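Taken in order, these protein sequences are the chains called A and B.
By numbering that gives the first Met the number 0, the letter at position 36 of the first sequence is numbered 35, and the numbering carries on one by one without gaps.
By numbering that gives the first Met the number 0, the letter at position 135 of the second sequence is numbered 134, and the numbering carries on one by one without gaps.
Just so it is clear, CB atoms sit at the ideal spot from N, CA and C, and this is done for glycine as well.
Values in this document were obtained by computation on a predicted structure and should not be read as measured data.
Protein chains: 2
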Amino acid sequence: MYSKNRTIDEIRKFNRFYTVNMGFLSSNYFGSDYSIAETRILFEIMTQGICIQSDIVKLLHIDKSYLSRMISRLCKKGLVEKRKSKHDKRAVEIMLTETGKSESEKLIALTNRRIESQITELSSDKCDKLCAALCTVMTILDKEKD
Amino acid sequence: MYSKNRTIDEIRKFNRFYTVNMGFLSSNYFGSDYSIAETRILFEIMTQGICIQSDIVKLLHIDKSYLSRMISRLCKKGLVEKRKSKHDKRAVEIMLTETGKSESEKLIALTNRRIESQITELSSDKCDKLCAALCTVMTILDKEKD
DNA sequence: ATAAAAAGTTGACAAAATCCACTAAATGCA
DNA sequence: TGCATTTAGTGGATTTTGTCAACTTTTTAT
Chain A
0 MYSKNRTIDE IRKFNRFYTV NMGFLSSNYF GSDYSIAETR ILFEIMTQGI
50 CIQSDIVKLL HIDKSYLSRM ISRLCKKGLV EKRKSKHDKR AVEIMLTETG
100 KSESEKLIAL TNRRIESQIT ELSSDKCDKL CAALCTVMTI LDKEKD
Chain B
0 MYSKNRTIDE IRKFNRFYTV NMGFLSSNYF GSDYSIAETR ILFEIMTQGI
50 CIQSDIVKLL HIDKSYLSRM ISRLCKKGLV EKRKSKHDKR AVEIMLTETG
100 KSESEKLIAL TNRRIESQIT ELSSDKCDKL CAALCTVMTI LDKEKD
């Protein structure tokens with residue numbers, strides 16, 4: 000089918016463009032003290048509020064042992080707190096500490112500045128078009144919609 | 000400025016969506032024997048034909064020593080061939096071997112199937128909209144345009 | 001002519017990620 | 001109710017990935 004193949008090519012082209020453009024290939028998340036994965040984990044915990052590790056595993060599709068270690072590390076750094084779940088004694092509830100919250104905020108601010116520097120010269124018209132396009136992509140590709 | 004901040008938020012949201020959706024976070028490029036980086040390198044050499052390492056470094060923004068080792072590895076696997084450049088005696092020309100070409104083709108076919116499985120249920124109308132949106136994003140964000 | 005820059009290689013590491021086996025608790029089901 | 005299966009998490013061992021700096025050789029620029 001023609002449009003399918005064209006779409007696949009377009010997605011591959013986009014992936015190539017986007018991984019380089021956003022710097023996902025060289026993965027030191029630009030100067031910040033946190034890796035992409037750490038950043039994502041912090042962000043997810045922040046938006047979830049209180050959650051358990053397997054929530055994050057499902058959300059981010061990462062290895063559970065990897066996450067376990069990551070969480071321990073974030074605990075040691077004082078950004079995350081663990082406690083036994085009452086409902087499920089296997090599970091460990093995790094949440095951000097106050098330090099964790101403020102660090103996450105800083106981290107977000109940092110990425111914001113980085114992104115801002117990539118779009119400084121865009122007119123507000125182009126910004127609107129970009130937002131609309133990104134939104135379209137997400138809506139069309141989102142699996143968990145219905 | 001309002002539209003800038005909204006745009007930044009939208010890009011961040013998109014990044015979160017896209018890294019998970021495309022599986023860039025758990026980086027074993029889905030069953031294939033090659034990592035994302037290797038895949039990208041093979042693809043670039045294929046599209047460049049004959050090139051030198053620093054071309055790839057510039058294209059993908061990766062560390063030159065990392066690439067150097069990567070290339071050596073791909074040579075050992077028989078996918079890439081090196082030879083001294085005539086014009087520039089510092090440089091090493093690199094190109095795909097026949098095996099390298101066919102492996103790259105297979106690799107592309109594999110990613111294509113993976114992507115296809117993500118868009119099977121899309122109508123051709125949605126495909127068109129998706130392509131247009133991706134294209135818009137690239138056009139607006141592309142730095143090396145002018 | 002000579003200093004600076006560019007291409008690539010190598011060593012030494014550090015960080016990231018995976019695989020596997022294991023414990024303990026919860027769930028399914030017959 | 002009892003037993004098998006699944007789920008949540010941990011820790012060991014290892015591999016893969018990526019970084020940094022030092023060094024050689026060649027080219028470029030002034």
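Run of the beta strand (DSSP E) containing residue i, from where it starts to where it stops
| i | result |
| --- | --- |
| A/E157 | No statement about residue 157 of chain A is possible, as the shown extent of chain A runs from 0 to 145 and does not include it. |
| B/I93 | V91 to L95 |
Residue interval of the alpha helix (DSSP H) (run including residue i)
| i | result |
| --- | --- |
| B/I139 | S123 to L140 |
| A/I70 | K63 to K75 |
| A/E37 | I35 to Q47 |
| A/D54 | Q52 to L59 |
Neighbour list for residue i in chain A, Cβ cutoff strictly below 8 Å
| i | result |
| --- | --- |
| B/E115 | K3 and I7 |
| B/L41 | Chain A residues near B/L41: none, gap ~12 Å exceeds 8 Å. |
| B/T110 | R11 |
Test item: CB-CB of residue i and residue j under 8 Å
| i | j | result |
| --- | --- | --- |
| A/R5 | B/C130 | yes |
| B/M69 | B/I49 | no |
| B/I139 | A/K125 | yes |
| A/I61 | A/A90 | no |
| A/R15 | B/T110 | no |
| B/Y17 | A/Y17 | yes |
| A/I7 | B/E102 | no |
| B/A132 | A/V136 | yes |
Contacting residues, own chain, Cβ-Cβ under 7 Å from residue i (five flanking each side not counted)
| i | result |
| --- | --- |
| A/E97 | none |
| B/V56 | K63 and L66 |
| A/G77 | T96 and T98 |
| A/D54 | Q47 |
| B/R72 | none |
| B/K83 | V91 |
| A/E104 | none |
Contacting residues, own chain, Cβ-Cβ under 6 Å from residue i (five flanking each side not counted)
| i | result |
| --- | --- |
| B/E80 | M94 and T96 |
| A/Q117 | none |
Residues that residue i contacts on chain A, provided the C-beta gap is smaller than 9 Å
| i | result |
| --- | --- |
| B/M69 | Going along chain A, no residue has its Cβ under 9 Å from B/M69, so there is no contact; the nearest lies around 12 Å. |
Cβ separation of residue i and residue j, assumed to be a contact under 8 Å, to the nearest whole Å
| i | j | result |
| --- | --- | --- |
| B/I51 | B/E9 | That pair is no contact at about 38 Å. |
| B/L59 | B/E43 | 7 Å |
| A/T38 | A/L106 | 6 Å |
Residues that residue i contacts on chain B, provided the C-beta gap is smaller than 7 Å
| i | result |
| --- | --- |
| A/C130 | R5, T6 and E9 |
| A/T98 | Going along chain B, no residue has its Cβ under 7 Å from A/T98, so there is no contact; the nearest lies around 22 Å. |
Chain B contact residues for residue i, given Cβ-Cβ distances below 9 Å
| i | result |
| --- | --- |
| A/I139 | I118, L121, K125, C126, K128, L129 and A132 |
| A/V56 | Near A/V56 there are no residues of chain B at all, since even the closest Cβ is about 10 Å away, more than 9 Å. |
| A/L95 | Neighbours of A/L95 on chain B: none; closest Cβ ~17 Å, over 9 Å. |
| A/V79 | Correct list: empty, because the minimum Cβ distance to chain B is about 19 Å. |
Neighbourhood of residue i by C-beta distance below 8 Å, restricted to the same chain and skipping five residues each side
| i | result |
| --- | --- |
| B/K144 | For B/K144, the pLDDT reaches just 49, beneath the cut-off of 50, and the residue's location in the model is therefore unreliable, although a value from the coordinates is still provided. The answer, listed in chain order, is T138. |
| A/D87 | I51 |
| A/C74 | E80 and K81 |
| B/L121 | L129 |
| B/T119 | none |
Residue i: contacting residues in chain B (beta-carbon distance under 8 Å)
| i | result |
| --- | --- |
| A/M21 | N14 |
Per-residue contacts from residue i into chain A (C-beta, under 7 Å)
| i | result |
| --- | --- |
| B/L106 | The contacting residues do not exist; B/L106 stays about 11 Å from chain A at best. |
| B/V91 | Ordered by position in chain A, no residue passes the 7 Å Cβ test against B/V91, which lies about 21 Å from the chain. |
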